[in-house]
Structures are given as C-alpha cells and as structure tokens.
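One structure is given below, encoded as structure tokens.
Numbering (full-length UniProt numbering), first residue to last: 1 to 405.
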C-alpha cells in the first residue's frame, strides 16, 4: 500500500494543489472580511474534471431516456395483449394502463396474474446500460479479451416467466427449444438445463418439421414427442394441435432465444434440494426485444403460443386431455432422475458442511494455541519460536533430500 500511495501522491497533489504563479484576475473582492481573487487559469485541471463530470451526468440522463424510449412501444403492445388474457396486468390493479416497474435505468418488469393455468407471469426486460459509459467500455473490453460464455454487453432481451399452479401438477420433465446461436449462453450456469440433453443428431430439428436454426434439449424422447410430435408423418396431428412448429418457423421465431419448460430452479440450491411438493413448474420464454412493428406482432404471436401451451398443460394436469400426458414409465424415469440429483446435491452440501466444520475447528484450535502462547513468559515465547523455526527448516531439508533422491 505504501508503494501504491507513493506512486499516486504526485497525481493527487497535482489535482488538489493550486499553482502559485500569477494569473489574470477575473474577479476580486471581499467576502466576510476576507479578500478573495478568482484566477481561472489556475484551475484548468479542476475545470476539466468538472466538465467530465457534467458530461458523464448528461450521458447518464440521455442513456436513461433512450432506454425508456426503446421499451415504450413494446410495453404498450405487449401490455395490451396481456390485458386480453389476464385479469390484472401490472402491480397496481386499479391502473387502467399496465405499469412497468423499473429496477434501475436498464432493467424493468411487467407483472400479470389472474388466468387459468397460470399463477403469476413476470416479463423481465434487460436493456443495454447506455447510461453508464464506463461500464460499456469495460464490458466491451472484457468480452473481447476474456470471451466469456455470457457476454457482459449482451443483446437486449425479454424473459417471460409463467409459473404454473402447484396443484394439480403436470410432471412434464424438462424440455427446451434454443436458438443455436444462443445455445452456450442460454445453458451457461443454469441448474435446470442440466436435466436436459441437447439432441446432436444432424437432422434432429428437421425430422420433426422444426427450422434448422433451433436446437432441441430434452430429458426424454417421450417428452420430445409430446412437444414436437413424433418423427415423420406420425407426429403431424400432434404438431397441428399445439401449433408450436408453425409459430417458430414463421417470422415470430426469429425473435426467439429459448423456450423452456421445467420444474427445476434456475440456479443450484445452496442448502438443500427442493422437495417435490415445493417445485414450481414454469414455462419460460426468452426473446430479443422487438424494435419494428413486425417484430412487435411477432412477440405477441409468441405470447399467444405460450398461452396455448399453458392451456394444453393445464388440461393435461386436470385430466381433461391427454395431449401432453407422458407414459407411466417416463414418469418413473423422471422421478428416479430427480431422486439421484437430490442425493448428489445432498452429498455436495454435506461435504461442504464438513469442510466448513473442519475449518472452524482448526480456527478454534489455533485460537486456543495462541491464547496459551500469549500467557507464556517472553523467554519461553522466544524459545518456542526458535523451536518452531528449526522444525520448519528441518522439514524443508527433508523435502529437498527427497526431491534429489
């Protein structure tokens, strides 16, 4: 720290010290019996800092306004579509216009509830931080040098999370359709995606009528058949009933980043596996933020698709339809997979707990040893230090001898 302060001290002095040389006086007078003189030429460094600060604030306000303007058209069109499906849209039930809740200048959320088959809907909008020029520069530099799986300066997206009722349950496993260009960031760091395996066959998408720009991640072949129909003409009836293939193959599919159905949490639990009764089944739609009028209509088409899928899942869960019903052996396999995942997670958590307990015991032992050492006389302390020094030297010599042998 002393070396760092020594290096920074000249810079700090240059920023704070006022030069003593004479400069033209712009203003001179007396305030509170104190003679003052203002010489602007002496404050060129301070003036530059003030100008940069003002510029930064102007960029921050301009970036904030740009983000509000970018999301306005989507908010109005998407909110109107939600009002046709839900009883309440927005956090304020009394408001006629859906209220968009902002969490900072570049994050917003739209809430909806009151529909069959859905407990709650959260549409989370992520915008680029145009208000923070420093963050943008650092993000671009980091993305170029580190090449992270999830870019810091990523695209602007909308994630619509639809939580299904806790009872009755669908028990439909994990299934996802992901754009191939977004496959790595969509799966990175996610616990729920670990349950689904990406189909790597060359014609996995084309065999079910899906555009080649999409990849399929599924937990079971039976689940894939329910969502995309069987391979070939045998699955045409299932595909026609759901309408999933037709929507994704249209212009609306160009907005899609991923479509996921799962009963697992997004992040790995920290303390214990989530019990089956507490798992929340959800349908999660992630799409790029629409810009044009055509893209706005495409986002509404994706929302309509999700509502149709929710209806199909709800009818299956209530026993009124078998459109999305899985075979009994598939349910057994899903239950076994979740039991094994819970057991593996419990082992990891137990191992971490044991390591923390051992670390705490070692810290307690060192504390008691230090207290005992502090109670000794200075002569005895010096003797103990010398003995510890010789012991460490002896160990180092033994290691060197073993290395040479």
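Where a beta carbon is used, it is the ideal one built from N, C-alpha and C, also for glycine.
Here the structure is a predicted model, which means the values were calculated and not measured.
Residues of its chain near residue i, where Cβ-Cβ distance is below 8 Å and the 5 sequence neighbours each way are ignored
i, result
"residue 153", "128, 136, 139, 140 and 143"
"residue 325", "226 and 316"
"residue 331", "171"
"residue 333", "220"
"residue 386", "none"
"residue 346", "272 and 273"
Residue(s) in a DSSP beta bridge with residue i
i, result
"residue 179", "214"
"residue 282", "163 and 262"
"residue 287", "158 and 256"
"residue 30", "35"
Close beta carbons around residue i, own chain, < 7 Å, minus the five adjacent residues each side
i, result
"residue 91", "99, 101 and 111"
"residue 236", "229"
"residue 114", "86, 87 and 88"
"residue 266", "190, 191 and 192"
"residue 314", "116 and 117"
"residue 168", "317 and 318"
"residue 342", "273"
Residue burial classification, residue i (beta-carbon count within 10 angstroms, cutoff 16)
i, result
"residue 52", "exposed"
"residue 34", "exposed"
"residue 310", "buried"
"residue 67", "buried"
"residue 374", "exposed"
"residue 61", "exposed"
"residue 238", "buried"
"residue 312", "buried"
"residue 182", "buried"
"residue 278", "exposed"
"residue 104", "exposed"
"residue 205", "buried"
"residue 215", "buried"
"residue 401", "exposed"
"residue 188", "exposed"
"residue 36", "exposed"
"residue 307", "buried"
"residue 286", "buried"
Supposed close pair residue i, residue j - CB separation, criterion 8 Å
i, j, result
"residue 176", "residue 260", "4 Å"
"residue 178", "residue 250", "That belief does not hold up - the Cβ atoms of residue 178 and residue 250 are roughly 18 Å apart, past 8 Å."
"residue 172", "residue 223", "7 Å"
"residue 288", "residue 107", "Going by Cβ atoms, the distance from residue 288 to residue 107 rounds to 16 Å, so no, they are not a contact pair."
"residue 281", "residue 170", "6 Å"
"residue 296", "residue 73", "6 Å"
"residue 218", "residue 244", "Not quite, the Cβ-Cβ distance comes to about 13 Å (not below 8 Å), so this is no contact."
"residue 149", "residue 184", "5 Å"
"residue 272", "residue 349", "6 Å"
"residue 376", "residue 367", "Going by Cβ atoms, the distance from residue 376 to residue 367 rounds to 16 Å, so no, they are not a contact pair."
"residue 174", "residue 264", "6 Å"
"residue 131", "residue 70", "Not quite, the Cβ-Cβ distance comes to about 12 Å (not below 8 Å), so this is no contact."
Sequence-distant residues of its chain with Cβ nearer than 6 Å to residue i (five each side left out)
i, result
"residue 59", "133"
"residue 303", "81"
"residue 77", "296"
"residue 305", "247"
"residue 298", "251, 252 and 255"
"residue 163", "119, 120, 280 and 282"
"residue 290", "74, 296 and 299"
"residue 321", "315"
"residue 47", "none"
"residue 207", "231"
"residue 84", "none"
"residue 370", "none"
* Asked: Curious, which full-length beta strand (DSSP E) runs of at least 3 residues does the stretch 38-121 contain?
  -> Every beta strand (DSSP E) of 3 residues or more that sits fully in the stretch 38-121 is shown, in chain order, as 107-115.
* Could you tell me which uninterrupted alpha helix (DSSP H) segments, each at least 4 residues in length, are contained entirely in the stretch 121-206, listed from first to last along the chain? => Taking only runs of at least 4 residues, the alpha helix (DSSP H) segments lying wholly in the stretch 121-206 are 133-146 and 183-187.
* Whole runs of the alpha helix (DSSP H) within the stretch 212-263, excluding any shorter than 4 residues -> Listed in chain order, they are 221-228, 236-242 and 244-249.
* **Contained alpha helix (DSSP H) runs [length at least 4] in the UniProt region "Disordered" (369-405), N- to C-terminal order** => Fully enclosed alpha helix (DSSP H) runs of 4 or longer: 378-404.
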